[in-house]
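The structure appears below as structure tokens.
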Amino acid sequence: MAKSIYDSRQRWTVIFILIALIIIVMTVVISNSFSSKLAQEERNKAEVWAEAMHIVTSDSEDSESQNLNLILSIINGNNSIPVILCDQNDSIEQHRNFNLSDKDTMQFLQNKIRELKVKNPPIIIHTSTYDQYLYYDESTVLKMLTLYPYIQLAVVTIFIVITFLALMSAKKAEQNKIWVGLSKETAHQLGTPISSLVAWVEYLKTKQVDASYLDEMEKDVKRLETIAERFSKIGSNPDLLPLNINDTIRTSYEYMSARVSQKVNINIEPADKPLLVLMNESLFSWVIENLTKNAVDAMEGQGMVTYRVEDRGRKVFIDVSDTGKGIQKSRFKTIFNPGYTTKKRGWGLGLSLVKRIVESYPGGKIYVNYSEIGKGTTFRIELRKYHG
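Numbering-wise (the numbering used here), the sequence shown opens with residue 2 and increments by one.
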């Protein structure tokens, strides 16, 4: 079962986002509820205003029986709800609360009537002679309240995105510092015993020691020196040289072929012609070694690993394929996170180092190009071709 220190962090991130979305949805629902209530209230006010107009425009006997001062105060008190009073032929009799500056008044109001017919059902005023129709629009306050939850949603979303990006950037910067610190310290700690071993080898050469033993010791010491050099270059800008990728892959092939189980076959399919790529050979060999070791582990020590180099115009593709147990598609990106491992004793740093090294090269990318459970996996490295 794969484990990763990022799994729990990702779960908490998802929970945080869900809680934020729930808060936003609740805010929108509550705001819309308030807007609906305010809209109903404004319609009630419009109906009161319509009733007042009906009384004023009705027969004089009915008008005299009412408190005209109160009615007129109701009519004049509407300073927020835009209204248009028309007869049955949509001839405009009165209007209030429309901004008519620098506009063709009648044309504007006629267009507004057509708009309001669709927007709100008119209030019908029955008089003794004919029916009147009152068309009304929402007040500015109601329009602002209706838009408010969506503006709030946009602001909160932008805030969440900015916060998320800031946290990711801070986390990445912190990881970089840890990587560099650990790598430099590891290289420093290896330096002293390696120097001592070199001295001992030179001393043993002066004694009557079997030369074959010394040759093997020298190889191991050089290997340790290579490892220390690699760690010292993590986090710094390594010297990049234009190298033929075919030669580099062939060197890795020769090195790994002698160090894997006899039940593992390693094949190499170089490109048809030399392909120059800017790289640091020591670090890139480390990349191929890590991918090969992962492939051998995935195959449980038995199967086939293939190195394939392809010329793709401005880019060079290097594929490392195995016939192992495969990777779930949902894990294609997770496997490059520090801490991800399928081994009981693994630290989960190999693929993270690989990704860091490859992406330090011009145009460098690494990803899972193909994987199928029970059939195998192909990691693809993309590098920019060097043209001099």
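Backbone N, C-alpha and C define an ideal beta-carbon position, used for all residues, glycine too.
Between the C-alpha atoms of residue i and residue j, what's the straight-line distance to the nearest angstrom?
i    : j    : result
T335 : Q329 : 10 Å
M27  : D91  : 42 Å
S258 : I267 : 6 Å
E270 : V310 : 6 Å
G364 : L277 : 14 Å
S242 : E282 : According to the sequence shown, residue 242 is Leu rather than Ser. Rounded to whole angstroms, L242 to E282 spans 8 Å at the Cα level.
L284 : R231 : 6 Å
S286 : Y256 : 9 Å
K1   : S233 : It is not possible to answer for residue 1, since the shown part of the chain is limited to 2 through 389.
L117 : I25  : 31 Å
I159 : A21  : 12 Å
I93  : N112 : 12 Å
R313 : S213 : 45 Å
L101 : Q108 : 11 Å
K208 : T379 : 50 Å
L168 : E139 : 43 Å
D105 : N121 : 23 Å
S61  : T130 : The predicted position of S61 is uncertain, since its pLDDT is 48 and thus under 50; a value taken from the coordinates is nonetheless stated next. So the alpha carbons of these two residues sit roughly 13 Å apart.
S34  : V119 : 22 Å
Y204 : W13  : 58 Å
M300 : K178 : 34 Å
E219 : L354 : 27 Å
Please decide whether residue i counts as near chain C, where near means a Cβ-Cβ distance under 9 Å.
i    : result
A200 : Protein chain content of the structure displayed is limited to a single chain, and chain C is not contained in it.
Could you say which of the options lies nearest to residue i if we only look at CA atoms?
i    : options                : result
H388 : I126, T293, F337, P275 : P275
A272 : D240, Q153, Y137, Y308 : Y308
V222 : T14, F99, Y204, V199   : V199
K316 : Y362, K294, L292       : Y362
S32  : I16, L148, S353        : L148
S331 : M300, A299, G314, V369 : V369
D132 : Y151, M107, M218, Q89  : Q89
T249 : M280, F17, T106        : M280
A40  : R260, R313, P83        : P83
L215 : W201, T227, L225       : W201
V288 : M300, I246, F165       : I246
V157 : I23, K294, F337, G314  : I23
K172 : S213, R313, N338       : N338
L1   : E203, Y204, S213, S197 : Only positions 2 to 389 of the chain appear in the structure, and residue 1 is not among them; the question remains open.
V15  : S81, T106, R97, F165   : F165
M145 : E175, T252, E203, S37  : S37
Under 9 Å between the Cβ atoms of residue i and residue j?
i    : j    : result
G327 : S372 : yes
F318 : R381 : yes
I85  : I114 : yes
Q291 : G351 : First, the amino acid is wrong: residue 291 is Asn here, not Gln. Yes, the pair counts as a contact, with Cβ atoms nearer than the cut-off.
R44  : Y137 : yes
V261 : T293 : yes
V30  : L154 : no
I161 : I374 : no
Give me, in chain order, the residues of the same chain whose beta-carbon lies closer than 7 Å to that of residue i; leave out the 5 immediate sequence neighbours on both sides.
i    : result
K264 : G302, Q303
A229 : A188, L191, G192, I195
A296 : V306, V321, D323, G325
Y254 : I267, I269, Y308
L73  : Any answer about L73 is weak, because its pLDDT of 47 lies below 50 and its placement is not dependable; what the coordinates show is given next. So no residue of the chain qualifies.
S170 : none
D211 : none
L71  : Because the pLDDT of L71 is 48, which lies under 50, any placement of that residue in the model is unreliable, and the number read from its coordinates should be weighed accordingly. Within the same chain, L71 has no close Cβ partners at all.
K206 : L215
Please go through the same chain and pick out, in chain order, the residues whose beta-carbon is closer than 6 Å to the beta-carbon of residue i, but skip the five residues on each side of it.
i    : result
I367 : K356, V359, I382
Q95  : L86
F99  : P83
Strictly by DSSP, which residues pair up with residue i?
i    : result
F318 : E311, E383
Y368 : R381
G304 : V265
H388 : Note: H388 sits in no beta bridge, so no partner.
Q108 : Looking at the DSSP assignment, Q108 forms no beta bridge with any residue, so it has no partner.
I85  : H96, Y136
D323 : V306
I125 : Y134
L424 : In the structure as shown, the chain begins at 2 and stops at 389. Residue 424 is therefore absent and cannot be evaluated.
E270 : R309
E373 : G377
Skipping 5 residues on each side, what residues in its chain have a beta carbon closer than 8 Å to that of residue i?
i    : result
R251 : I269, P271
N68  : The predicted model places N68 with a pLDDT of 49, which falls under 50 and marks its position as unreliable; any figure quoted below should be read in that light. There are no such residues.
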